[in-house]
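*Asks:* Letter by letter, the sequence shown follows residues 0 to 166 in numbering that gives the first Met the number 0. A virtual CB, placed ideally from N, CA and C, is assigned to each residue, including glycine. Quantities reported herein were computed from a predicted structural model and do not represent experimental measurements. Just dropping this structure here.
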Amino acid sequence: MPIDDQLAILGRLAFAVVLGGLIGLERELRGYPAGIRTMALITMGAMLFTDVSQILGGDDRVAAGIVTGIGFLGAGVIFREGYTVRGITTAATIWASAAIGMAIGRELYLVAGLGTVLVFVVLEARPFTRRVDEAIRSRTRELSEELERAIVDSDLDDRDRGEDQDD
0 MPIDDQLAIL GRLAFAVVLG GLIGLERELR GYPAGIRTMA LITMGAMLFT
50 DVSQILGGDD RVAAGIVTGI GFLGAGVIFR EGYTVRGITT AATIWASAAI
100 GMAIGRELYL VAGLGTVLVF VVLEARPFTR RVDEAIRSRT RELSEELERA
150 IVDSDLDDRD RGEDQDD
């Protein structure tokens, strides 16, 4: 392979590490798992697999393998605590980072750059989505309490009319 082609691959490799590292920096600064090194390696690995598969004949099965493998990696960061599931956003960020690496491997630099920006936009929406979640939970609690009062009132009305159903 000519040196110019290899230098182009090295440039793509560096771009993948930078974009993945930026995504990982956001995760690390917020204290979430899968920080700078992890995201940089995921983006770089996906880029290399995509690039090498093109050099070897462009087999689309490699892309499918990347998606599947990253899915397993992402599943490893998801865990459940009672009724709460944690790590889904980190898993989705891992998946998006791999997609960005694949875009770089296909020389879709603008797509990879915009994809990275959109990852940041989505991750920065966290305060807004938390407010929405809390509003929904609060309203759900209110409705549950109203429903419980209505059921109790209905039972009392039935008893007042002598409609005891346990006969």
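(1) Rank G114, S137 and A149 by C-alpha distance to the C-alpha of T42 and give the top, closest one.
(2) Excluding the five sequence neighbours on either side, which residues of its own chain have a C-beta within less than 7 Å of the C-beta of I35, listed in chain order?
(3) Pick out the complete beta strand (DSSP E) segments inside the segment 17–88, 3 residues or longer, and give them in chain order.
(4) Going by other Cβ atoms of all chains shown within 10 Å of its Cβ, with 16 needed for buried, is F71 buried or exposed?
(5) State yes or no: is the C-beta of M46 within less than 8 Å of the C-beta of G104?
(6) Please tell me whether A39 and V16 are closer than 8 Å, where the distance is taken between their beta carbons.
(7) Starting from A111 and walking both ways along the alpha helix (DSSP H), at which residues does that stretch end?
*Replies:* Looking at the coordinates:
(1) G114
(2) G20, G23, L24 and E27
(3) 78–80 and 83–85
(4) exposed
(5) yes
(6) yes
(7) Y108 to E123
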